[in-house]
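Residues in the sequence shown are numbered consecutively from 84, following the working numbering.
For glycine and all other residues, C-beta sits at the position ideal for the given N, C-alpha and C.
Here is the structure we will look at, set down as structure tokens.
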Amino acid sequence: MTPLRTLALGLSLTLATAQLAAAQTKTTTKKTTSTAKKTTTAKKATPAKTTTTTKAAVTKVVAPVVVPLMADEASTGLREALTQGVSKAVAQAGETDGFNGNADIRIPFPPEAELVAVTLRKLRAGALVDKFEVALNRAAETASTQAKPIFLNAVQNLSLQDALTLATSKESDAATTLLYEKTAADLRTAFQPTMQQSLEQTGAIKLYAEMVARYNKIPLVTPLNPQLVPYATEKTVDGLFALIAAEEGRIRANPTAQGSALLKRVFGK
């Protein structure tokens, strides 16, 4: 091989090697660029994590200020409760069968004259006894309609020295019990003329006198002369007090029965 051909062959090999190297470099660059683009695309496709911090709303509860009940409020509230009790008791008792149809307050035959009733029933005069008992209770109903001013006057004159204790008492009829203890005797005295008038109006006094007269005519019996008016007065007053006590109990226990803001404050739980 001549030197010239040898030189030409060497140049050809060098050129081929350079072209091969350049081709490999381009291929590597394309692969790197492609990979970089894919990486960039992947990064863009991945949503950035967002951390949201929500502050919890904190509500501060402020306890209401409770103003202590004063003695004058308790006293006024007790009188209002009793006044409401009297009004409802008189209205209820004054209805037809307010006494006669109410087993809790119906007035029975006078115990001191029980022998009269028992004896007359044995003599087949029981209808007379029954008629009298109805007339007696009708008299109580009639008298009750006129009792309101007498009872309300007693309520207003009632001394409530320990009103706070009465207002917060666990006894459902504490105020009514005090009213009864302090005024019942005077109420009976004031109420007796009204009661006698009602007994006469319903015929109870006449029926009672007739029964006693029949009994006293029976041979060998001890004559009786029982008084009807004091007995009827006592039982009517007691019946009204029973209704007042029931109304006081409702006011203490049931907020819906407390008609005014003052009653709610005095007796509210």
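My guess is that residue i and residue j are in contact by the Cβ rule of under 8 Å, so how many angstroms apart are they, rounded?
i: LEU247; j: ALA154; result: 6 Å
i: VAL238; j: LEU262; result: 7 Å
i: ALA267; j: LEU161; result: Rounded, the Cβ-Cβ distance is 17 Å, inconsistent with contact.
i: ALA315; j: LEU219; result: 6 Å
i: VAL320; j: GLN279; result: Not really, about 14 Å apart at Cβ, beyond 8 Å.
i: LEU211; j: TYR298; result: The Cβ separation is near 11 Å, so there is no contact.
i: ALA157; j: ALA250; result: 4 Å
i: LEU323; j: ALA186; result: In fact, because the Cβ distance is near 16 Å, the residues do not count as touching under 8 Å.
How would you label residue i, buried or exposed, when you count the other beta carbons within 10 angstroms and need 16 or more for buried?
i: GLY181; result: buried
i: GLY342; result: exposed
i: ILE334; result: buried
i: ARG207; result: exposed
i: GLY184; result: exposed
i: GLY351; result: exposed
i: ALA106; result: For ALA106, the predicted structure reports a pLDDT of 45, less than 50, and the residue's modelled location is therefore unreliable. The matter cannot be settled from this model.
i: VAL304; result: exposed
i: ALA287; result: buried
i: GLN167; result: buried
i: ALA336; result: exposed
i: ALA222; result: buried
i: LYS289; result: exposed
i: LYS318; result: buried
Residue i to residue j, Cα distance in whole Å?
i: VAL169; j: LEU282; result: 22 Å
i: GLY209; j: ALA344; result: 53 Å
i: VAL295; j: LYS347; result: 52 Å
i: GLN284; j: GLU178; result: 16 Å
i: ALA226; j: ALA164; result: 23 Å
i: VAL201; j: ALA176; result: 28 Å
i: ASN308; j: GLU224; result: 25 Å
i: PHE215; j: GLU330; result: 30 Å
i: ILE301; j: GLN310; result: 20 Å
i: VAL217; j: PRO151; result: 51 Å
i: ALA230; j: LYS205; result: 37 Å
i: GLU197; j: THR339; result: 44 Å
i: VAL349; j: THR260; result: 18 Å
i: GLU293; j: THR228; result: 27 Å
i: ASP245; j: GLY332; result: 19 Å
i: ALA174; j: GLU264; result: 23 Å
Which one of the options has the shortest CA to CA distance from residue i?
i: ILE327; options: LYS289, LEU152 and ILE188; result: ILE188
i: PRO306; options: THR159, LYS171, VAL173 and VAL199; result: VAL199
i: TYR291; options: ASP213, GLY332 and GLU264; result: ASP213
message = Measuring CB atoms only, is the region 263-278 touching the region 229-240, in the sense that at least three cross pairs come out at less than 8 Å?
response = yes
task = Would you be able to state if there are at least three C-beta pairs under 8 Å between the region 186-194 and the region 254-261?
result = no
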